[in-house]
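Visitor: Starting off with a structure, shown below.
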Amino acid sequence: MFTTGQLIFGLLFFIAFVIAIAYQYRKDLKIHKAYYKGTIWILIAFIGFIGMIAAVKFVFM
């Protein structure tokens, strides 16, 4: 399906991408704390909503 070169490139690209994203996040952490207070509650509500949809699906199917 994929050649060895493509798999190596994909793996190296993924590692470099994760490192770049982590570096940028750490660099902007102070700004995130100032402007995005309370967003964890939105994330919890979203996960809860998806959980409720999944629960309804399994109860009524």
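Per the working numbering, residue 208 is the first one in the sequence shown, and the count goes up by one each step.
Virtual Cβ for every residue (Gly too), placed ideally from N, Cα, C.
If you reduce the DSSP assignment to three classes, tell me which class methionine 259 lands in.
Guide: helix
Visitor: Considering just the uninterrupted stretch of the alpha helix (DSSP H) at glycine 217, what are its terminal residues?
Guide: 211–234
Visitor: By the three-class DSSP mapping on this structure, what secondary structure does lysine 240 have?
Guide: helix
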